[in-house]
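For the sequence shown, my numbering begins at 1 and goes up steadily by one.
By construction, the Cβ of each residue, glycine as well, lies at the ideal position given by its N, Cα and C atoms.
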Amino acid sequence: MNKRFFLAMAPLLLAGCLEVEQHPRWVKGEYAGKVDQQPFQVHFHNDRLSWWATLNNRNQRQNEYNRANP
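Below, the structure written as structure tokens:
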């Protein structure tokens with residue numbers, strides 16, 4: 001009984017040893033990874049107002065009150 005208990009508990013004790021680091025690396029207080037570009041920088045050549053206007057137009061078309069009453 002005692003031997004079976006320890007054999008059953010061994011995988012549970014070792015399961016915590018496989019945890020990997022999930023936080024980004026920091027070098028000299030700054031993030032050391034790739035800088036992600038914002039969507040307006042990629043698709044609208046860094047024109048933030050054009051990006052927000054496109055989002056606003058898309059949201060207005062999804063409004064049922066605006067679509068039902070032309």
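Consult DSSP for residue i and reduce its assignment to one of helix, strand or coil.
{"i": "E30", "result": "strand"}
{"i": "H43", "result": "helix"}
{"i": "P11", "result": "helix"}
{"i": "Q22", "result": "coil"}
{"i": "Q62", "result": "coil"}
Could you say which of the options lies nearest to residue i if we only look at CA atoms?
{"i": "P24", "options": "V35, Q60, N46", "result": "V35"}
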